[in-house]
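**Student:**
2 protein chains.
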Amino acid sequence: MKDISVGLIGFGTIGTGVVKLLRENEELIQKRLGARLVIKKIADVDIKTPRQVPVEREQLTTDVDDILTDPDISIVVELVGGCTHAKTFVLEAIRNGKHVVTANKALLANYGDEIFSVAEDQKVNIGFEASVGGTIPIIKTLKESLAGNNIESVFGIMNGTCNYILTSMTKDGKDFNSALKDAQDLGFAEVDPTYDIEAVDTAHKLAITLSLSYGKRVSLDDIYREGISEISQQDIEFAGELGYTIKLLAIAIRRGEVIEARIHPTMIPFDHILASVNGNFNAFHLIGDASGSVFLYGQGAGMMPTASAVVGDLMDISRDIMAGAWRRVPLRSYRENQIEDIDLLGMDDVATNYYFRFSAVDRPGVLSAISGILGSHNISISSVIQKERKLDRDAVPIVVTTYKAREKDVQMALEEIDRLDIVFGKTTLIRIEDDRLR
Amino acid sequence: MKDISVGLIGFGTIGTGVVKLLRENEELIQKRLGARLVIKKIADVDIKTPRQVPVEREQLTTDVDDILTDPDISIVVELVGGCTHAKTFVLEAIRNGKHVVTANKALLANYGDEIFSVAEDQKVNIGFEASVGGTIPIIKTLKESLAGNNIESVFGIMNGTCNYILTSMTKDGKDFNSALKDAQDLGFAEVDPTYDIEAVDTAHKLAITLSLSYGKRVSLDDIYREGISEISQQDIEFAGELGYTIKLLAIAIRRGEVIEARIHPTMIPFDHILASVNGNFNAFHLIGDASGSVFLYGQGAGMMPTASAVVGDLMDISRDIMAGAWRRVPLRSYRENQIEDIDLLGMDDVATNYYFRFSAVDRPGVLSAISGILGSHNISISSVIQKERKLDRDAVPIVVTTYKAREKDVQMALEEIDRLDIVFGKTTLIRIEDDRLR
């Protein structure tokens with residue numbers, strides 16, 4: 049039986065999971081693959097601390113060149129994370145003719161163009177199933193299973209940390225800070241949670257998803273992005289009264305030749321299948337022009353779920369190696385010469401439904417003033433909730449939901465409303481996705 | 049650009065969808081594939097009736113040999129259905145060195161051994177994504193994405209007709225017959241619905257799923273199978289009171305070297321994601337030993353969703369053809385020489401939770417008699433609902449749910465209980481899946 053030699057760079061949680069999985073399911077993998085996947089070398093700065101799996105001393109090295117320059121090694125697995133070192137290692141591996149498997153979404157979202165272009169020149173494969181949605185086969189589904197479809201839309205819950213926090217706020221009535229604290233205690237959130245809760249991680253994943261869905265290059269800065277740190281328990285409760293759950297959604301919608309791409313907390317109907325995605329799970333709701341709705345769900349992170357995706361890629365690439373096939377499937381779904389710069393719809397021109405929560409003085413005429421301004425900006429109200437609940441400064445919350453309105457009009461109306469002296473502070477805005485999820 | 053010639057046998061609904069999709073998304077498919085998929089010939093007994101897509105007169109034939117013997121044609125798509133003609137055509141195509149794409153689960157479940165073995169000899173591919181779960185990428189996920197995993201369990205809603213009927217009974221309070229009538233009017237059920245409602249279709253799909261998950265051959269007769277025609281509105285309501293939804297589930301569970309495989313109406317908790325699969329959708333809840341829960345959902349049938357899966361297979365096989373690769377992925381997930389006969393756990397030895405609905409006389413001591421017999425067969429009661437609702441013959445329903453019990457014990461206990469003269473008719477039994485879905 050053929051041996052396929054693998055070099056592993058980064059022996060942290062995921063790296064340990066990969067070694068563990070290849071060992072525990074060795075026989076199964078051979079029955080399916082017809083070859084042995086052999087971890088020849090593992091490089092890490094720390095090769096002293098024992099991991100959950102026993103490895104031979106000779107397998108370990110602190111020098112990545114032991115992997116990058118070893119002619120026996122066919123596939124390099126990059127699991128160091130970050131962009132600086134990872135980029136150097138990945139490019140070096142590719143230039144040395146090695147296939148690469150990576151879970152590094154930041155690297156691919158920021159330097160994908162360079163990496164995929166060098167890989168194309170060197171005729172090597174890049175496996176990156178683990179970079180988006182962890183164990184969920186979203187990359188393969190977009191590149192292969194749904195390849196005959198125009199992707200009409202992607203609605204994704206792509207960050208388990210945010211989903212854990214929002215679930216905990218919704219189900220347990222926690223406020224944002226204590227839900228975040230719980231997530232940190234459970235290891236679902238970093239000490240500095242910015243990367244997750246401000247949706248930077250989600251933006252990386254959406255950028256990758258966009259290129260596979262539409263054959264387009266996208267600049268990260270062009271994707272509209274709002275995190276979850278402003279979501280209050282009050283908004284979660286009002287959402288519930290209105291029949292909605294709040295999720296951090298990454299949204300991509302095809303509008304002819306233009307793509308709408310945005311990330312923000314979103315109210316979705318209770319009975320939509322995305323609303324049932326709780327805790328640290330990830331999920332993707334795709335609509336293809338032929339397939340209709342396809343929904344994929346699973347663990348977006350974690351040692352063994354991520355290792356499952358990495359090993360799936362290792363087997364995929366091994367199958368190409370054994371069959372003598374290269375670039376059976378284009379690296380980014382479209383042949384590289386077909387990939388274009390993306391034309392994103394500007395956020396001003398996005399039209400959706402809205403939820404506003406105003407803090408206003410408890411006095412007659414307030415709703416009339418607010419609705420007058422909304423109307424003058426072509427925004428039609430679909431429902432109003434006015435409660436006698438006192439806030440600080442004698443303010444009461446007034447909740448308004450709208451029919452479809454244009455973002456630009458909404459921003460102008462809110463600016464005008466927030467200047468009224470009967471309205472306190474900045475109005476809360478949460479977008480609602482209703483009909484596009486039907 | 050290279051042309052890949054395709055012959056289509058069967059120009060019904062799905063065949064029309066395939067032609068339509070290849071035409072409408074022609075440019076997109078070329079951008080992704082780097083080749084043109086050309087339908088060279090379409091064979092059907094009826095080439096007169098106009099279809100939804102215009103085709104050239106020269107493309108049509110009533111003689112399948114025009115396809116089967118054409119050396120230009122690389123891939124044959126079989127969409128005639130049934131086993132007799134389909135088997136002949138598929139085997140002939142394979143023997144002539146052509147790759148085959150089929151949506152025919154009956155064919156593969158009954159004659160898979162012969163078909164895959166000849167395909168192996170002839171070094172051709174068989175694409176059958178459309179045969180299980182329609183547009184859902186369940187075949188590719190099992191064969192490729194989760195290839196590094198031992199599949200611990202598969203819980204599937206594999207038949208849209210049954211799911212439509214059960215959803216309509218649950219949401220609209222319909223009885224079985226009127227829900228079936230609606231499904232027939234909407235084209236979701238055949239005039240003779242036996243194949244769907246008695247779970248024959250589901251058994252075909254489970255047999256295919258089992259071979260991919262476990263590398264095992266399974267005889268259809270060995271799969272325990274119960275349809276939905278005995279489900280009453282009363283049971284749906286009691287299930288609701290207990291916090292369950294009734295779904296027709298196909299279940300496969302790995303128990304060491306033995307596999308548990310069964311199909312029956314099953315009560316599942318409201319808050320499990322499978323409970324949110326409504327209408328004619330299909331879904332698969334897989335647990336891999338590394339991946340954990342993975343859930344896939346989409347349309348299990350219909351013109352364009354099925355065409356999406358067929359075109360996905362056409363592109364997959366074309367990629368192999370263009371790369372000069374053959375059998376990159378083993379036809380049935382395991383290399384053919386690794387496939388073994390399955391060792392199924394006998395139904396007697398299955399242990400699960402149960403729901404019983406007894407019709408009993410309205411008299412003290414009845415529950416005591418019933419629970420005494422259950423206890424004597426090692427069956428522990430977890431809850432009881434006794435209502436004063438009169439049925440015919442002055443019977444009242446007594447509903448009992450149990451902790452985990454062995455099927456054999458349950459059957460013996462019910463036989464004894466049904467002989468009591470305080471109990472009328474045959475007791476209703478519905479299995480409950482609770483903890484394995486957590």
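Same order as they appear, the protein sequences are chains A and B.
Per this note's numbering, the first sequence starts with residue 49, numbered consecutively.
Per this note's numbering, the second sequence starts with residue 49, numbered consecutively.
Where is the CB? At the ideal position from N, CA and C, for every residue including glycine.
Find out if the Cβ-Cβ distance for the pair B:I301, B:S381 is shorter than 8 Å.
**Tutor:** Here residue 301 of chain B refers to the residue found at position 253 of the second sequence. Here residue 381 of chain B refers to the residue found at position 333 of the second sequence. No.
**Student:** Going by CA-CA distance only, name the one from A:I87, A:L422, A:F203 and A:L393 that's closest to A:Y345.
**Tutor:** For this step, residue 345 of chain A is matched to residue 297 along the first sequence. Cα-wise, what sits closest to A:Y345 is A:F203.
**Student:** Since A:I321 meets chain B, which of its residues come closer than 7 Å, beta carbon to beta carbon?
**Tutor:** Along the first sequence, read from residue 1 onward, the residue named residue 321 of chain A stands at position 273. Those within 7 Å of A:I321 in chain B are S324 and Y345.
**Student:** Residues of the stretch 348-363 of chain A with a CB closer than 7 Å to any CB of chain B: list them in chain order, please.
**Tutor:** Result list: M352, P353, A355, S356, V359, G360 and M363.
**Student:** Please report how far the alpha carbon of B:G420 lies from the alpha carbon of B:E278, in whole angstroms.
**Tutor:** Position 372 of the second sequence holds residue 420 of chain B. Position 230 of the second sequence holds residue 278 of chain B. Near 27 Å, if we compare the C-alpha coordinates of B:E278 and B:G420.
**Student:** Report the neighbours of A:I299 on chain B: residues whose CB is nearer than 8 Å to its CB, in chain order.
**Tutor:** Taking the first sequence and counting its residues from 1, the one referred to as residue 299 of chain A is at position 251. The contacting residues do not exist; A:I299 stays about 19 Å from chain B at best.
**Student:** Could you list which residues in chain A have their beta carbon closer than 7 Å to that of B:L116, in chain order?
**Tutor:** Residue mapping note: residue 116 of chain B aligns to position 68 of the second sequence, counting from 1. In chain order: nothing, as chain A lies at least about 25 Å away.
**Student:** Please report the straight-line C-alpha distance between B:F332 and A:D249, rounded to a whole angstrom.
**Tutor:** Locating residue 332 of chain B in the second sequence gives position 284, where the first residue counts as 1. Locating residue 249 of chain A in the first sequence gives position 201, where the first residue counts as 1. Approximately 28 Å between the Cα atoms of the pair.
**Student:** In the DSSP assignment, find the unbroken alpha helix (DSSP H) run with B:V342 in it and report its ends.
**Tutor:** Numbered from its first residue, the second sequence carries residue 342 of chain B at position 294. Not the alpha helix (DSSP H): B:V342 falls in the beta strand (DSSP E), residues G340 to Q347.
**Student:** Which word fits B:V448, buried or exposed, when buried means at least 16 other C-beta atoms lie within 10 angstroms of its C-beta?
**Tutor:** Residue mapping note: residue 448 of chain B aligns to position 400 of the second sequence, counting from 1. Buried is the call here.
**Student:** Would you check if the distance between the CB atom of A:V54 and the CB atom of A:I163 is smaller than 8 Å?
**Tutor:** As a working note, residue 54 of chain A is residue 6 in the first sequence. As a working note, residue 163 of chain A is residue 115 in the first sequence. No; because the gap between Cβ atoms is not below 8 Å, this pair is not in contact.
**Student:** Using a Cβ-Cβ distance under 8 Å, would B:N225 count as near chain A?
**Tutor:** On the second sequence, residue 225 of chain B is found 177 positions in, with the first residue counted as 1. Chain A, which has no Cβ nearer than 8 Å to the Cβ of B:N225, makes this no.
**Student:** Where in the stretch 386-470 of chain A do unbroken runs of the alpha helix (DSSP H), each at least 4 residues long, occur, reported from the N-terminal end onward?
**Tutor:** You should have 414-424 and 455-467.
**Student:** Quick check on the burial criterion: 16 or more other C-beta atoms within 10 angstroms. Buried or exposed for A:P445?
**Tutor:** The count along the first sequence starts at 1 and reaches residue 445 of chain A at position 397. Looking at its Cβ environment, which holds 16 or more other Cβ atoms inside 10 Å, A:P445 is buried.
**Student:** Among B:E140, B:T150, B:K146 and B:I123, whose alpha-carbon lies nearest the alpha-carbon of B:G130?
**Tutor:** Along the second sequence, read from residue 1 onward, the residue named residue 130 of chain B stands at position 82. Considering only alpha carbons, the answer is B:T150.
**Student:** Taking A:D230 as the query, report the chain B residues whose CB atoms sit under 7 Å from its CB, ordered along the chain.
**Tutor:** If you number the first sequence from 1, residue 230 of chain A lands on position 182. Within chain B, no residue comes near A:D230; the closest Cβ sits about 20 Å away, beyond 7 Å.
**Student:** Just to confirm my understanding: we take A:D270, look at its own chain, exclude 5 residues before and 5 after, and list those with CB closer than 8 Å. What are they?
**Tutor:** As a working mapping, residue 270 of chain A is identified with position 222 in the first sequence. Answer for A:D270: A309, I390 and L392, listed in chain order.
**Student:** Assuming A:Y272 contacts A:I307 under a Cβ cut-off of 8 Å, what Cβ separation, rounded to an integer in Å, is found between them?
**Tutor:** Here residue 272 of chain A corresponds to residue number 224 of the first sequence, with the count starting at 1. Here residue 307 of chain A corresponds to residue number 259 of the first sequence, with the count starting at 1. About 12 Å; that fails the 8 Å criterion.
**Student:** Answer yes or no: do B:I316 and B:L296 have a C-beta to C-beta separation smaller than 8 Å?
**Tutor:** Taking the first residue of the second sequence as 1, we reach residue 316 of chain B at position 268. Taking the first residue of the second sequence as 1, we reach residue 296 of chain B at position 248. No, they are not a contact pair.
**Student:** Just to confirm my understanding: we take A:R80, look at its own chain, exclude 5 residues before and 5 after, and list those with CB closer than 8 Å. What are they?
**Tutor:** Counting from 1 along the first sequence, the entry for residue 80 of chain A is found at position 32. Hits under 8 Å: M363.
**Student:** According to DSSP, is A:T314 helix, strand or coil?
**Tutor:** Your numbering for residue 314 of chain A matches position 266 in the first sequence. In this structure, A:T314 counts as strand in the three-state DSSP scheme.
**Student:** Locate the beta strand (DSSP E) running through A:R84, then write down its first and last residues.
**Tutor:** Here residue 84 of chain A is taken as the residue at index 36 of the first sequence, counted from 1. Taken as a continuous stretch (DSSP letters only), the beta strand (DSSP E) holding A:R84 covers A83 to A91.
**Student:** Anything in the stretch 364-393 of chain B with a Cβ closer than 8 Å to a Cβ of chain A? List those residues in chain order, please.
**Tutor:** Residues passing the 8 Å Cβ filter: D364, R367, D368, M370, A371, G372, A373, W374, R375, R376, V377, P378, S381, Y382, R383 and Q386.
**Student:** Output yes if chain A places a C-beta closer than 8 Å to the C-beta of B:G221; else output no.
**Tutor:** Position 173 of the second sequence, counted from the start, is the residue given in the question as residue 221 of chain B. No, B:G221 lies away from the interface with chain A (no Cβ there is under 8 Å from its Cβ).
**Student:** What in chain B is Cβ-close to A:R80, meaning under 9 Å?
**Tutor:** What you label residue 80 of chain A is simply residue 32 of the first sequence in a count that begins at 1. Correct list: K191, A195, G196, G263, V377, P378, S381, Y382, R383 and Q386.
**Student:** For B:F137, which residues from the same chain have a beta carbon less than 8 Å from its beta carbon, with the 5 sequence-adjacent residues on both sides left out?
**Tutor:** Position 89 of the second sequence, counting from 1, holds the residue named residue 137 of chain B. Within the same chain, B:F137 has close Cβ partners I57, V112, L116, V124, E126 and V128.
**Student:** On the three-pair Cβ rule with 8 Å, is the stretch 465-480 of chain A touching the stretch 57-69 of chain B?
**Tutor:** Segments in contact, no.
**Student:** Please determine if the stretch 212-229 of chain B and the stretch 180-195 of chain B are in contact, where contact requires at least 3 C-beta pairs separated by less than 8 Å.
**Tutor:** At 8 Å Cβ cutoff, the stretches do not touch.
**Student:** Does A:V149 have its Cβ less than 8 Å from a Cβ in chain B?
**Tutor:** In the first sequence, residue 149 of chain A corresponds to position 101, counting from 1. No, A:V149 lies away from the interface with chain B (no Cβ there is under 8 Å from its Cβ).
**Student:** My guess is that B:A255 and B:L268 are in contact by the Cβ rule of under 8 Å, so how many angstroms apart are they, rounded?
**Tutor:** Along the second sequence, one-based indexing puts residue 255 of chain B at 207. Along the second sequence, one-based indexing puts residue 268 of chain B at 220. Correct: roughly 6 Å between the Cβ atoms.
**Student:** Buried or exposed for A:S416, please, with buried defined as at least 16 other CB atoms from any protein chain shown within 10 angstroms of its CB.
**Tutor:** Residue numbering aside, residue 416 of chain A sits at position 368 when the first sequence is read from its first letter. Flag for A:S416 reads exposed.
**Student:** CB-CB under 8 Å to B:M49, same chain, minus the five flanking residues each way: which ones, in chain order?
**Tutor:** Your numbering for residue 49 of chain B matches position 1 in the second sequence. Q78, G82, A83 and R84, listed in sequence order.
**Student:** Let me see if you follow: with CB-CB separation under 8 Å, is B:P185 close to chain A or not?
**Tutor:** Walking along the second sequence from the start, residue 185 of chain B turns up at place 137. Judged by the 8 Å Cβ criterion, B:P185 is in contact with chain A.
**Student:** Whole-angstrom Cβ separation of B:V342 and B:L194, contact assumed at under 8 Å?
**Tutor:** Here residue 342 of chain B refers to the residue found at position 294 when the second sequence is read from its first residue. Here residue 194 of chain B refers to the residue found at position 146 when the second sequence is read from its first residue. Sure, about 7 Å apart at Cβ, within 8 Å.
**Student:** Pick from B:P185, B:I245, B:A355 and B:I321: whose alpha carbon is nearest that of B:L214?
**Tutor:** The count along the second sequence starts at 1 and reaches residue 214 of chain B at position 166. That would be B:I245, whose Cα lies nearest to the Cα of B:L214.
**Student:** Below 8 Å on the Cβ atoms is my contact criterion, and I expect B:V458 with B:I427 to pass it. Report the Cβ-Cβ distance as a whole number of Å.
**Tutor:** Along the second sequence, one-based indexing puts residue 458 of chain B at 410. Along the second sequence, one-based indexing puts residue 427 of chain B at 379. Their Cβ separation, rounded to whole angstroms, is 6 Å, which keeps B:V458 and B:I427 in contact under 8 Å.
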